[in-house]
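In what follows, a single structure is set out as structure tokens and then discussed.
2 protein chains.
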Amino acid sequence: MQTITWNQQVVKRNNKSLVLQTIIEKEPVSRADIAQITGLNKATVSSLVNDILEENLIFESGPGESSGGRRPVLLHFNKTAGYAIGIDIGVNYVLSMLTDLKGNILIEKNQPIKNVAFDAVTDVVSEMIRSLILEMPKSSYGAVGIGIGVPGIVDKQGTVLFAPNLNWSNISLKQHIEEEFKLPVLIENEANAGAYGEKQLGAGQSFQDIIYVSAGIGIGAGIILNGELYQGKNGYSGELGHVIIQANGKKCSCGSQGCWEVYASENALLEMAPQQDATLESLVALAEQNDPEAIALFEKIGVSIGIGVNNIINAFNPEQVIIGNRLVVAKQWLEGPILETIQTHTLPFHQKEVQLQFSQLSVYSAALGVSAFVVENFIRDGITVL
Amino acid sequence: MQTITWNQQVVKRNNKSLVLQTIIEKEPVSRADIAQITGLNKATVSSLVNDILEENLIFESGPGESSGGRRPVLLHFNKTAGYAIGIDIGVNYVLSMLTDLKGNILIEKNQPIKNVAFDAVTDVVSEMIRSLILEMPKSSYGAVGIGIGVPGIVDKQGTVLFAPNLNWSNISLKQHIEEEFKLPVLIENEANAGAYGEKQLGAGQSFQDIIYVSAGIGIGAGIILNGELYQGKNGYSGELGHVIIQANGKKCSCGSQGCWEVYASENALLEMAPQQDATLESLVALAEQNDPEAIALFEKIGVSIGIGVNNIINAFNPEQVIIGNRLVVAKQWLEGPILETIQTHTLPFHQKEVQLQFSQLSVYSAALGVSAFVVENFIRDGITVL
DNA sequence: TAAGTTTGTATATTGACCAAACTAAGTTTA
DNA sequence: TAAACTTAGTTTGGTCAATATACAAACTTA
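Sequence order for the protein chains is A and B.
Counting with UniProt numbering, you get residues 1 to 386 for the letters of the first sequence.
Counting with UniProt numbering, you get residues 1 to 386 for the letters of the second sequence.
Shown next, in the form of structure tokens:
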């Protein structure tokens, strides 16, 4: 039995976290506002705010507007008290960025890669991290951590168990990067990272139960339930791409048959295209010129995506389904068929009120997601330590 | 923002709950043991135990064995401090039971019903509750609540939105029963109730992430994540029976096509049977006499169940999948095909370590589940009130 | 200018857990 | 068989965080 005992330190830690979270979400805000919002006593808020001020995570600014009495001292989140590094390892690129503690991008680097071997990729990653740290502005806490999104199955220890498109298996990526930079490192599946990014900074900010569908070369999903990323027993939930939507259907690279991603991914699209050298971009270009064949192709993929989304809605009863990753560029032709498929298939009660949206952060979802994760850990641990 | 502030009362409530939970799980147990297990100070435990003693939820028994010093006073959970009523409304029966606070069945009543109209069913339910309360032994708290499992979609307010097999829609069942008996009432979907029953009292006791598949006339599922029932935004998650496993497949009563339950439920079985008047029981009887046709039929259903279970494992990465409800009687012929389907389809990493089991509580899963739910609420609220 | 309002701080109190001393009731050992 | 040791549980006094209350500071309004 994993038991947690409760004592005054826990109380203080949680209240402090609550106060800081309130400042982050509502800044600029006065002590009096915080007391009103949280229900904590004015004196308690005052004391906690002073603690956080000493930690440099917030700062005071000149007095705000009076509402008939003494003017309030406004509190702001010190979003440049430190910086987070977010990295998205794709199949043919590495995207890295430096963000402040609110997820604003300060520096962004994107490097195409051809050699996906582990050593080659980590060389690129390491070099990028080094240069980001060099270019980073001075701050109280410096780099607070490194987050990395990977297109594959990652366990809770940060080991990449299997990344078919990179040809990786059983790679202790977290340990490797941690040893080099002596900073907290966090590895996440690309879809989970994207889900978290959209939840914190993109389309999902006002929802608690979200399924993020990463529709790229394959299909993955990030599952956010009750506002938190659900990871499954071992951390590898969300392989929705390998849900069977056609029993005894087409062979899938995973060894199974009829998997969703065989019908609804970028790979599926390219395989169905009549042109030998079709790419997602070339098909989009054709569709933009009203090429009926290309449009029909996208619509077919849209229906297949819709089938899978139907399954998601019936299974999870989420508030929101977000479609992300590469296929978002074809939103224009996909959205209609997806919606129509849902309308004709999904249970009416489940359909009602569910939001279907496309990614708001486009190619940045995953990198911003891991970066936001890093920030969250930093803030939680910072507060814990005291 | 729904904020929770932390103070000493919260600390005490949680620690008290922790102590009581420890006693329930480990009884008989001494104060010293509890201090050791929970990490709380001996003095704190003593004080909390005395509080709980006053509430009559536990009692002391004669001293236990010495381990080289003073003999401990053993503490026991007072499982007869009150009783819970659990009811399972089926399509052609109402099963009701009185349980003690540990989920032991004291009285059990089962009544077949023909008329599924709301009024007729609630008359039966009310009559059963009345007689259970009359037969209930004397106790400190009496009947602590009523739980009802229903084969349909239930929202978080206890309204039965839609129960196709009962022909019910939009029925405020909770309100109705609450008004009659002035007791806390709780309504749950039958699959959710079954999942909770197996988790607390049956096959799932040592697991945290469990999917319970209720394979009966239709298919439903209860989803337990991180040890808690996941209900979705509106409380109607788990309609896994309407996940599409065959795009453009057979028509389903829900209006969609190719739903899992069209291929893997009791209804699917009976539809495929050559006999006009086949029932699940008659087919089991045939299979027991080694009738090859009947056995082949079950095996076919088994493969279809396996497809859906594959989808569950890939999507949720659970620790355990439990198959429950009526089809469990055919376990002997279903288990092989299900396992084989998983082995040939499910992602290897996800397959590893996942447990496939059949219900341990047989027909009692749902009724025991709601009853356990009632007990949990009683204990939590009792402790809250002080 | 005086009265009323709002913000934020200071002080004393409350109540929870905890450490340590203590009482109670055994076992072990010489 | 008595002294030494062990273990269980209670009592006492202390600490810490939140709170209620009073109050000072700063502003608005009539």
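Backbone N, C-alpha and C define an ideal beta-carbon position, used for all residues, glycine too.
query: Strictly below 8 Å CB to CB, what residues from chain A border B/Thr5?; result: Asn15, Leu18, Thr38, Gly39, Leu40
query: Using a C-beta cutoff of 8 Å, does B/His76 count as contacting chain A?; result: no
query: What are the boundary residues of the beta strand (DSSP E) that includes A/Trp168?; result: 168-171
query: Checking the sheet assignment: what are the DSSP bridge partners for B/Gly145?; result: B/Ala84
query: Residues of chain A with a CB under 7 Å from the CB of B/Glu271: which are they?; result: The premise fails here: B/Glu271 is roughly 17 Å from chain A at the closest Cβ pair, so nothing lies under 7 Å.
query: Could you tell me how far apart the beta carbons of A/Ala367 and A/Leu95 are, in whole angstroms, since I believe they sit closer than 8 Å?; result: 5 Å
query: Strictly under 8 Å for the Cβ-Cβ distance: is A/Phe316 near chain B by that measure?; result: yes
query: B/Phe373 and B/Gly147: beta carbons closer than 8 Å?; result: yes
query: Does the contact criterion of 3 or more C-beta pairs under 8 Å hold for the region 51-65 of chain B versus the region 327-346 of chain B?; result: no
query: Let me make sure I understand the geometry here. Which of B/Val160, B/Asn167, B/Thr80, B/Lys138 has the alpha-carbon closest to that of B/Ala117?; result: B/Asn167
query: Alpha carbon to alpha carbon, what distance is there between A/Ala193 and A/Asp277?; result: 31 Å
query: Mapping the DSSP letters down to three states, classify B/Glu65 as helix, strand or coil.; result: coil
query: Who does B/His76 pair with in a DSSP beta bridge?; result: B/Phe59
query: What do you reckon, are the CB atoms on B/Ile113 and B/Tyr93 nearer than 8 Å?; result: yes
query: Alpha carbons only, please: which of A/Gln8, A/Trp6, A/Ile23 is nearest the one belonging to A/Ile379?; result: A/Ile23
query: If you follow the alpha helix (DSSP H) that A/Phe118 is in, where does it begin and where does it stop?; result: 118-135
query: Does any residue of chain A bring its CB to less than 8 Å from the CB of B/Asp291?; result: no
query: DSSP on A/Ile245, reduced to helix/strand/coil?; result: coil
query: Determine, using beta carbons only, whether B/Gly86 and B/Leu101 come nearer to each other than 8 Å.; result: no
query: Note down the Cα distance separating A/Asn234 from B/Phe316, rounded to an integer number of angstroms.; result: 10 Å
query: Compile a chain-ordered list of the residues in the region 239-254 of chain B whose CB is closer than 7 Å to at least one CB of chain A.; result: Glu239, Leu240, His242, Val243, Ile244, Ile245, Gln246, Ala247, Cys254
query: On the CB-based measure, 16 or more other CB atoms within 10 Å of its CB, does A/Leu386 come out buried or exposed?; result: Residue placement at A/Leu386 is poorly supported in this model, since its pLDDT is 43, which falls under 50; the coordinates still yield a value, given next. The residue is exposed, with fewer than 16 neighbouring Cβ atoms inside 10 Å.
query: Using a Cβ-Cβ cut-off of 8 Å, state whether A/Glu266 counts as contacting chain B.; result: no
query: Going by Cα to Cα distance, which pick from A/Gly103, A/Ala287, A/Ser17, A/Glu25 is closest to A/Leu48?; result: A/Ser17
query: For the alpha helix (DSSP H) that contains A/Asn50, what are its first and last residues?; result: 42-54
query: Name the chain A residues that come within less than 7 Å of B/Gln234, Cβ to Cβ?; result: One point to set straight first is that residue 234 of chain B is Asn, not Gln, in the sequence displayed. Going along chain A in sequence order, the residues near B/Asn234 (Cβ under 7 Å) are Asn317.
query: To the nearest angstrom, report how far apart residue 389 of chain B and A/Gly222 are at their CA atoms.; result: The structure shown has nothing for residue 389 of chain B, since chain B only spans 1 to 386.
query: To the nearest angstrom, how far is it from the Cα of B/Asn14 to the Cα of B/Ile52?; result: 13 Å
query: When you compare each of B/Asn78, B/Ser365, B/Leu132, B/Ala32 to B/Gly69 by their alpha carbons, which one comes out closest?; result: B/Ala32
query: So that I know if they touch, is there some Cβ in chain B lying closer than 8 Å to that of A/Ser206?; result: no
query: If you check the beta carbons only, do B/Lys174 and B/Ile187 fall under 8 Å apart?; result: yes
query: For B/Asn325, which option in B/Ala191, B/Val29, B/Ile245 has the closest C-alpha, if you only look at C-alpha atoms?; result: B/Ala191
query: I want to see whether chain A comes within less than 8 Å of B/Ser237, judged by CB atoms only; does it?; result: yes
query: For B/Leu327 and B/Ala215, which I take to be in contact (beta-carbon distance under 8 Å), what is that distance rounded to the nearest angstrom?; result: 4 Å
query: Could you pull the start and end residues of the alpha helix (DSSP H) that B/Pro151 belongs to?; result: Counting along the chain, B/Pro151 falls outside any alpha helix (DSSP H), and DSSP gives it neither H nor E.
query: Where does B/Glu332 land, buried or exposed, given buried means 16+ other C-beta within 10 angstroms?; result: Reading the sequence as shown, one finds Gln at residue 332 of chain B and not Glu. Looking at its Cβ environment, which holds fewer than 16 other Cβ atoms inside 10 Å, B/Gln332 is exposed.
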